[in-house]
Every structure is written in structure tokens, then in C-alpha cells.
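All remarks here apply to the structure that follows.
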Amino acid sequence: AMRRARHPPVRRAIGRLRRSQLDAPLLRGTTPGPPVVQAVEASAMKADVELPDVIVLFVVRSSQFCVKAAAYMLDKGIPFRYQYLADPGVLAPPATVPVLRWGDKLIPDSQKILEFLHQFVEGAPIYPTEEAKELDSFLGSEFNQHVQYMSWIDDEGFESSMKGEVESAVPAVFRVLCPCCCAPRALLRNLGYEKKIMDKIVKYLPEETLAGGSAAVRESLRNHLKELNARLERSNGFLLGTSEPTGADYGLFGMLSRLIGDSGSGLGPAYPGLVQEAQCEKIEEFFSMMNERCGGVRFTDDLGIPKGETFLPRSVDEQIAMRLPAGEVGAMEA
């Protein structure tokens, strides 16, 4: 079943699901059933858009890319529920989060999700120029690896952000009895996770920067932030001088949510003093403005799929079959 979205005359939307949605029966697996979502009161979607019964965003905790996609959907008034994935390994290759389920379609990757959804939204293209897409790609690659370094490798950043996330995955008794193996930092090393993170980081950060350790990476990150701050000083509040956010703006918001926010899930910031140290006043204003636009990204229980319920096909082959055909907006590149 499909429903038409209500379309009040608003310039932008701050999407919030109504309490009535939370009582809607859930689908189990891929079995058809009653609606999961209903139209929100304020939406920037086109008047003739037909919403599918199932709109679910599959996310992992602390992901800046998941915050990026959720911020866009909240800002544009696109109703959705989210489902936490304890193990992204259940996703079909390349196992990229977030993944959007839109009816019987699955769209992986935040950039592709924004492209797919924006065809249903009023206004200019989400990537109006090649520069917009290139800037978003930079934020999702080189800039993101600075964020990853601060979150996982830098001792202060790890202590203030991801340490608690790692600790919560290990029973306290094991951390006490086997600190050499089960302490958060030791656990990352023993499981090889720290090496996997560094293997990605070295592809984007110069050798001389990495050789300088945390101090050099922090300086490099501050320099990148200053360049972004200069863009904002030359514009009307968004990175490319547009009247509405582009995909790059949502991308930067996601990165800042990890660095100076809480990633939408109560985690501590990886670099809380970044904006002040870099003297980037416009970045701070931008983060506050974007946060206000989307009403704050919060992956709360009210919007989540209850444990034991799933909207993700367990079969990898079925997941792949649900992806968009090549050539459609939002389809993965071959």
C-alpha cells in the first residue's frame, strides 16, 4: 500500500514522528504488513510523492555517516524508523552504513541515500554542482580519516568518546579479571580492530603527518577546519553559498557530530575543544544552525525498531536483489 505525503506550505521541515506511529504493528523480516510510518505534519517532500509502508534506516552507533543521513531525513520531514545493527557484517558487500530501506528497495551509502531521497523533495539538487559532490566525497574520505584517528587512535579522543562504547560491549568482570586482554584499548589491539582502522587512515593521511603522531594529526585537522570555516565566511551560512544545505553540508554536520557532538547516541565528543583551538566561529554557528534545522539527531528508543524485530533480509542475495538497478538515482556504481 502507498500513501500520499501531506505537503503544508513550509520552506523547510523538521521531521518528527508522531506518537501514533509508535503503535503501528511492525513487519517481521520482509513479510508484508501494516504501515510502519505515517506522513509527518511538516514536510518538504513534493505533493504527489507516495510513501512506502516501510521506511527504515539501518545504522550503527557512533557513525557520522548515519548522523548525516538521519539529519537530512529529519530536516526534510521524511518519516522513518531506525534499526541498530550490532554487526555490520550482516550487510551485503561492501557492508556500508547507513542503509535505507524504502519499501522493497535497499539503498546503501549516505551519499546515495541523499541522492535517492532528494528526487522526492522540493528545491535545488542535493548536489547542484560537481564541486558539491567532490566536497562531500572529501569529507567522507580524507577528513573522515582524521575523525577516525581522533576517535580511535588518539588517546584523549578515545578516552572521551569511543572508550565507553567499547567498555559497554565487555562484561565488567572480564575487564577486572583480565585487564591486559579486555581493557578497551587492549581489546581493540588484540582483536585487530585498531590495525584495521590504521590501515584505512594511512591511505589518506600523509606519512609525515602520521609520523608526528596525535599532535600532527590534530594540527592537520584544525587546518582543514579552518579552510571549511573560510568557506562559510564567504557564504550565507552553507559551504557552497546555496540557499539550502547541499549533501556536503549534511556531511560536515555528521563529522562535527562525532568531533564536538554526541553522534546522536550519547557518546562523548572526540575533540571537544576543536572549534575553540582552531578559532572557527563560523563552524560553531554552522553546527548549531544545522542542529536546529533537523531538531537534533537523536537515535532514541521511540524511533527505534524493538529488539527481536528486523526489516533487513537475512539473506545477502536477497539484500543485493533489493538494490536499485544500475542507472537509477541512488544506485550503487558498478
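Numbering (my numbering), first residue to last: 3 to 336.
Glycine included, C-beta positions come from ideal geometry on N, C-alpha and C.
As the structure is a prediction and not an experimental result, all values here were calculated from the model.
Task: Buried or exposed (CB count within 10 angstroms, at least 16 for buried), residue 72 - done: Working through the sequence shown from its first residue, we reach residue 72 at position 70. Of the residues assessed, residue 72 falls on the buried side of the cut-off, its CB having 16 or more other CB atoms within 10 angstroms.
- [ ] Along the beta strand (DSSP E) that carries residue 101, what are the first and last residues, could you check?
- [x] Along the sequence shown, one-based indexing puts residue 101 at 99. Per DSSP, residue 101 belongs to the beta strand (DSSP E) from 101-104.
Task: alpha helix (DSSP H) runs wholly inside the segment 105-145, at least 4 long, in chain order - done: 112-120 and 132-140
Task: Interface flag, residue 246 vs chain D, CB-CB below 8 Å - done: The chain inventory of the structure shown lacks chain D, comprising one protein chain alone.
Task: Option in 121, 300, 103 and 319 with minimal Cα separation from residue 70 - done: Position 68 of the sequence shown, counting from 1, holds the residue named residue 70. Nearest of 121, 300, 103 and 319 to residue 70, Cα basis: 300.
Task: With 16 other Cβ atoms within 10 Å as the buried cut-off, status of residue 225 - done: The sequence position of residue 225 within the sequence shown is 223, counting from 1. Exposed: under 16 other Cβ atoms inside 10 Å.
Open item on the list: Please report the distance separating the alpha-carbon of residue 63 from that of residue 268.
Closed with: Here the question's residue 63 lines up with position 61 in the sequence shown. Here the question's residue 268 lines up with position 266 in the sequence shown. Those two C-alpha atoms are separated by around 9 Å.
TODO: For the alpha helix (DSSP H) holding residue 252, just list the boundary residues, first then last.
DONE: Working through the sequence shown from its first residue, we reach residue 252 at position 250. Taken as a continuous stretch (DSSP letters only), the alpha helix (DSSP H) holding residue 252 covers 249-261.
Task: Outcome for residue 68 when other beta-carbon atoms lying within 10 angstroms are tallied against a minimum of 16 - done: Indexing the sequence shown from 1 puts residue 68 at position 66. That one is buried.
Open item on the list: So within the segment 259-310, which uninterrupted alpha helix (DSSP H) runs reach at least 4 residues, ignoring any that extend past its ends?
Closed with: 276-280 and 283-295
Task: Range of the contiguous alpha helix (DSSP H) that encloses residue 203 - done: Here residue 203 refers to the residue found at position 201 of the sequence shown. That run of the alpha helix (DSSP H) goes 195-203.
Task: Closest residue to residue 322 among 295, 163 and 96 (Cα-Cα distance) - done: Position 320 of the sequence shown, counted from the first residue, corresponds to residue 322. Nearest option by C-alpha distance: 96.
Open item on the list: Taking the straight line between their C-alpha atoms, what separation do you get for residue 193 and residue 164?
Closed with: Residue numbering aside, residue 193 sits at position 191 when the sequence shown is read from its first letter. Residue numbering aside, residue 164 sits at position 162 when the sequence shown is read from its first letter. In a straight line, the C-alpha of residue 193 is about 16 Å away from that of residue 164.
Open item on the list: Three Cβ pairs or more, each shorter than 8 Å: is that satisfied between the segment 262-282 and the segment 99-109?
Closed with: Taking a cut-off of 8 Å for Cβ pairs, the segment 262-282 and the segment 99-109 do not touch, as fewer than three such pairs fall below it.
Task: Cβ-based neighbour list, residue 223, same chain, cut-off 6 Å, excluding 5 preceding and 5 following - done: In the sequence shown, the residue the question calls residue 223 occupies position 221. Taken in chain order, the residues that qualify are 148.
- [ ] Give the single residue among 203, 220 and 115 whose Cα lies nearest to the Cα of residue 159.
- [x] Translated into the one-based positions of the sequence shown, residue 159 becomes position 157. Answer by Cα proximity: 220.
TODO: If I'm right that residue 134 touches residue 254 with Cβ under 8 Å, what's the distance once you round it to whole angstroms?
DONE: Indexing the sequence shown from 1 puts residue 134 at position 132. Indexing the sequence shown from 1 puts residue 254 at position 252. Contact annotation, residue 134 with residue 254: C-beta distance approximately 12 Å; criterion of less than 8 Å not satisfied.
Task: residue 321 in three-state terms, based on DSSP - done: Start at 1 with the first residue of the sequence shown, and residue 321 comes out as number 319. Looking at residue 321 - three-state DSSP - the assignment turns out to be helix.
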